[in-house]
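I have placed the structure first, in the form of structure tokens, so that the comments after it can refer back to it.
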Amino acid sequence: MFRMRVRDIAHPGIRQFILRTAVLNYLGKCLQLQWDDWQNQRMHLRTLQHEGAKTSSSQTDDTDADHVDAATEAARSALVQAIEELRGKVSSTHKLLQREYNELFTYMMDKRELWDSPEYFKAKTALGAANHHLRMYMTAEK
Numbered sequence: 003m004f005r006m007r008v009r010d011i012a013h014p015g016i017r018q019f020i021l022r023t024a025v026l027n028y029l030g031k032c033l034q035l036q037w038d039d040w041q042n043q044r045m046h047l048r049t050l051q052h053e054g055a056k057t058s059s060s061q062t063d064d065t066d067a068d069h070v071d072a073a074t075e076a077a078r079s080a081l082v083q084a085i086e087e088l089r090g091k092v093s094s095t096h097k098l099l100q101r102e103y104n105e106l107f108t109y110m111m112d113k114r115e116l117w118d119s120p121e122y123f124k125a126k127t128a129l130g131a132a133n134h135h136l137r138m139y140m141t142a143e144k
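With my numbering applied, the sequence shown corresponds to residues 3 to 144, in that order.
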């Protein structure tokens, strides 16, 4: 039984299923983590803007208000830069995941003789997860 399993995995088509499935799963997890970071930073920016407007309206001392405004502006500009970088990462990971999804799907359709292998079903599950990630985690420009 062990020899049969090793022989099946040695098939080049099976190895491709395993490799491409791993790449697809990895990109899906990366996309999810990057998208979560991007959304968290956007939420921090909204909170910072809301608190900045709140404190500037409640402060009466001009020197304190200038220091708070300068610190808030510096933090806001750093957050805007980080958000833009994260958006670019999310966008590029989304494109990579879309490309790998298309390549695995095409490869699976070409390998009809392997449709009964367990790796085929694992790859099919990975395609479903990738499709979910592609729909759920996209930038605002899409």
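Think of the CB as a built atom: it goes at the ideal place given N, C-alpha and C, for glycine as much as any other residue.
Going by C-alpha distance, which of the options is nearest residue i?
i: Arg-137; options: His-52, Lys-97, Glu-86, Ala-72; result: Lys-97
i: Tyr-103; options: Gly-130, Gly-15, Gln-41; result: Gly-130
i: Arg-17; options: Leu-47, Glu-121, Asn-133; result: Glu-121
i: Leu-50; options: Thr-23, Ala-24, Val-82; result: Val-82
i: Arg-44; options: Glu-53, Leu-88, Met-140; result: Leu-88
i: Thr-74; options: Pro-14, Ile-85, Glu-86, Arg-48; result: Arg-48
i: Thr-108; options: His-13, Lys-126, Tyr-28, Thr-95; result: Lys-126
i: Met-140; options: Asp-39, Phe-19, Asp-118; result: Asp-39
i: Tyr-28; options: Glu-86, Arg-78, Thr-95, His-52; result: Thr-95
i: Ala-77; options: His-46, Phe-19, Gly-90; result: His-46
Is residue j closer than 7 Å to residue i when the C-beta atoms are compared?
i: Leu-207; j: Leu-99; result: With the chain running from 3 to 144 in the structure shown, residue 207 is simply not present.
i: Val-92; j: Gln-41; result: no
i: Leu-106; j: Leu-26; result: yes
i: Thr-23; j: Lys-113; result: no
i: Ala-132; j: Gly-30; result: yes
So, is residue i buried or exposed, given that buried needs 16 or more other C-beta atoms within 10 angstroms?
i: His-135; result: buried
i: Leu-72; result: First, the amino acid is wrong: residue 72 is Ala here, not Leu. Ala-72 should be labelled exposed.
i: Ala-128; result: buried
i: Met-183; result: Here the chain covers residues 3 to 144 and nothing more, so residue 183 does not appear.
Considering only residues of the segment 26 to 55, which uninterrupted beta strand (DSSP E) runs meet the minimum length of 3 residues and lie entirely inside it, listed in chain order?
none
4-residue-minimum alpha helix (DSSP H) runs that sit fully inside the segment 79 to 140, ordered along the chain:
120 to 138
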